[in-house]
């Protein structure tokens, strides 16, 4: 009897495995991703199948009716791309302030929160219950008691350490709190793998903040990695409405409420011309809009490309775009941390350096602390600040937001910031890099092989 049950189980499991492999192939993602998951399912019985359901399965992208194509001869093709792949309209009139690191960012956010009269909308991947988090929470509670509408979204995985008491205190004061994709044992789903990595603050519909800085005191005081270096933006003007729309769409997801009152979108009084676009992407988006934007920026560069990213595990297309840019004579520079908060991710990142160096890409290791900023500057004419790392998780799975800025003054300031990162970095020299121990190279290659799984 036992042998019969064993045979039946083997047949059923084999059918399931075949079905899962077909599903992996049908998702039409990066070949290395498909191969990694297929091998995991085949060679790690049962556990591999569970891992795929939790972390590997991706819902089909929405097959929406394509938006009307914008075909204006005066439009720059890059701008048209973002209008078509994410409905990111060109916001012409804005005031932009570049905020460096935690001290400037938290002070500016606190000032904006204090001035709130009607609404505060705040959304973070990581909201820590520490000195900074408690200070911001106290402000939110006070403004809610004053009658300001206050809504907070936090990611259930990124902010898993938030206590029930902390959340209850916020709600008791009148703050509406939403958790993005909460995880309830044992009812895990494949959505566990798709997180909200956005950082958005919108006050009164008139001022917005975004960038790479989470609500955590490590951006002020550092941790075992040293001080965390990052960049945020303070924005007034036409682009604020785009952040408001993203927040309200996410609020509908976490609360079921649809908020579309015109008072959340007051007319802007900013007259300064500082054009930019705000691009949001998520697993449910029709296109991988931010990934496409990065690809277009890299392939369209004529002179210089400078990138800072804490995690560099690019898709094949982005990796090849960087190599081709360098091979055609573009000065391509990438700054990554010398040390990482994830050893496995750091090993995987290092595995890509060989190919970059062979193509002529200049790679720098930041040594002054932990570099967490996600910046791109191209030809002195465009720069990007946002929440998306240059890795597959950010560009394919997470909910992210990135700004693409065409204001020369702001682009120049962000380019200067990147130059400062390079000044505090050690350039990777090819001969030295290629002489790494064979064991180290094997570990990095192995980490790269399994990188699609994390």
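Residue numbers (the numbering used here): 11 to 464. Idealized CB from N, CA, C, for every residue including glycine.
- Relative to residue 218, the option among 192, 254, 183 and 230 whose CA is nearest is 254.
- Per DSSP, residue 109 is one residue of the beta strand (DSSP E) stretching across 101-110.
- As computed with DSSP, residue 437 is found in a beta bridge with 374.
- Between the region 334-349 and the region 379-387, the count of Cβ pairs shorter than 8 Å is three or higher; the stretches touch.
- Apart from the 5 residues on each side of it in sequence, residue 410 sits with its Cβ closer than 8 Å to the Cβ of 207, 208, 290, 291, 292, 300, 396, 397, 398 and 404 in its chain, given in chain order.
- Looking at the DSSP output, residue 209 bridges to 134.
- Remark: C-beta atoms of residue 402 and residue 325 approach each other more closely than 7 Å.
- Distance from the Cα of residue 220 is smallest, within the candidate group 227, 226 and 212, for 212.
- Under a 10 Å Cβ-count criterion, residue 238 is classified as buried, with 16 or more other Cβ atoms of the shown protein chains found around its own Cβ.
- Membership of residue 87 in the alpha helix (DSSP H) is indicated by the continuous run 87-96.
- In the structure shown, residue 239 falls within a strand segment according to DSSP collapsed to helix, strand and coil.
- Per DSSP, residue 146 lies in no beta strand (DSSP E) segment; the continuous alpha helix (DSSP H) that holds it begins and ends at 141-155.
- With fewer than 16 other Cβ atoms from the protein chains shown falling within 10 Å of its own Cβ, residue 444 counts as exposed.
- Boundaries of the alpha helix (DSSP H) harbouring residue 230: 228-231, taken from the DSSP string.
- Burial check for residue 320: the Cβ neighbour count within 10 Å reaches 16 or more, so the residue is buried.
- Note on residue 365: under 16 other CB atoms within 10 angstroms of its CB, so exposed under the neighbour-count rule.
- A direct Cα-to-Cα measurement between residue 165 and residue 172 gives close to 10 Å.
- The three-state secondary structure of residue 353, taken from DSSP, is helix.
- Collapsing the DSSP output to three states places residue 380 in a strand.
- Here residue 452 is exposed, its C-beta having fewer than 16 other C-beta atoms within 10 Å.
- Here residue 246 is buried. Its C-beta has 16 or more other C-beta atoms within 10 Å.
- Between residue 361 and residue 455 a beta carbon distance of about 6 Å is seen, short of the 8 Å cut, so the two are scored as contacting.
- Between the region 227-243 and the region 97-116 there are three or more inter-stretch CB-CB distances shorter than 8 Å, so the stretches are counted as touching.
- Shown here, residue 452 sits in a helix according to DSSP, grouped into three states.
- Counting other Cβ atoms within 10 Å of its Cβ, residue 168 reaches 16 or more and is therefore classed as buried.
- The bridge partners DSSP lists for residue 342 are 315.
- Distance from the Cα of residue 87 is smallest, within the candidate group 363, 307 and 313, for 307.
- The region 394-438 is shown to contain whole beta strand (DSSP E) runs of 3 or more residues at 410-415 and 435-437, in chain order.
- Contact between residue 154 and residue 214 does not hold, since their C-beta atoms are separated by about 14 Å, which reaches or exceeds 8 Å.
- Proximity to residue 359 across 458, 271, 437 and 327 peaks at 458, based on C-alpha coordinates.
- Using a 10 angstroms sphere on the CB of residue 261, the tally of other CB atoms reaches 16 or more, which defines it as buried.
- Residue nearest to residue 137 within the set 280, 224 and 408 is 224 (criterion: CA-CA distance).
- For residue 149, same chain residues with a beta-carbon under 6 Å away, outside a window of 5 residues either side, are 123 in chain order.
- In the three-state scheme derived from DSSP, where H, G and I count as helix and E and B as strand, residue 260 is classed as helix.
- Here the C-alpha atom of residue 264 lies approximately 37 Å from the C-alpha atom of residue 331.
- With the rule of 3 Cβ pairs closer than 8 Å, the region 384-396 does not count as touching the region 265-282.
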